[in-house]
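Since the structure comes first, as structure tokens, the remarks are kept for the end.
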Amino acid sequence: MTDHHSRRTAFFLLLLAIFLVILDQFTKYLAVVHLKNQNPVVLISGVLELRYLENTGAAFSMLQNQQWFFYLITAVFLVVAVWAVRKILKTGKYMPLLICITVLCAGAVGNLIDRMVHRYVVDFIYFSLINFPIFNVADIYVTLGVIVLICFVLFRYRESDYEEIFSK
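Right, dumping it as structure tokens:
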């Protein structure tokens, strides 16, 4: 891959990440403005609601008030992700994998911003049909990113691909 192409790809990924983080933060801003201290907004009766929640934990409200843990895990993840993206960019291939990692990073950064600014994460999407925990757009990025990454690992990429990416 040419250095120019690698830079263009990296720039595209950075713009994608910035866009996704801005979208996440904007939806959380709207949740604060329109949902905080309000009754839930029913979008589909018995199925989907918008409901404001300040979550000091992780998914399913695990690890409540353990902010240091989330800072550490997010920092480690982002360092590993940047390292992997740099390695993958050198191959000139694997754009779907790069986009997947970028989406995961955007989700991690979106929730990290909340934790740093508010000491909690703003959640607001609630599937009442299955009583699923309230979540946000960054959580969607992380969930979809992990699902796609697992599919890539299991079904798309082979051992030779990983050897090419991580050799030397």
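Under this note's numbering, the final residue of the sequence shown carries the number 169; numbering is consecutive throughout.
Glycine included, every Cβ here is placed at the ideal spot set by N, Cα and C.
Reference residue i; option with closest CA among the options
i           : options         : result
residue 154 : 87, 28, 37, 102 : 102
residue 1   : 88, 73, 133, 97 : The requested residue 1 is not part of the displayed model; the chain covers only 2 to 169.
residue 130 : 117, 48, 28     : 48
Between the CA atoms of residue j and residue i - distance to the nearest angstrom
i           : j           : result
residue 21  : residue 46  : 29 Å
residue 140 : residue 112 : 8 Å
residue 168 : residue 127 : 44 Å
residue 115 : residue 164 : 37 Å
residue 91  : residue 151 : 22 Å
residue 6   : residue 162 : 20 Å
Classification of residue i by the beta-carbon crowding that lies within 10 angstroms, buried from 16 upward
i           : result
residue 39  : exposed
residue 107 : buried
Under 8 Å between C-beta atoms of residue i and residue j
i          : j          : result
residue 43 : residue 36 : no
residue 86 : residue 99 : yes
Neighbourhood of residue i by C-beta, 6 Å cutoff - its chain only, sequence neighbours within 5 removed
i           : result
residue 54  : 124, 135
residue 104 : 142, 146
residue 95  : 89
Close-in-space but distant-in-sequence residues of the same chain around residue i (CB under 7 Å, 5 per side omitted)
i          : result
residue 56 : 62, 121, 122, 124
residue 26 : 111, 114
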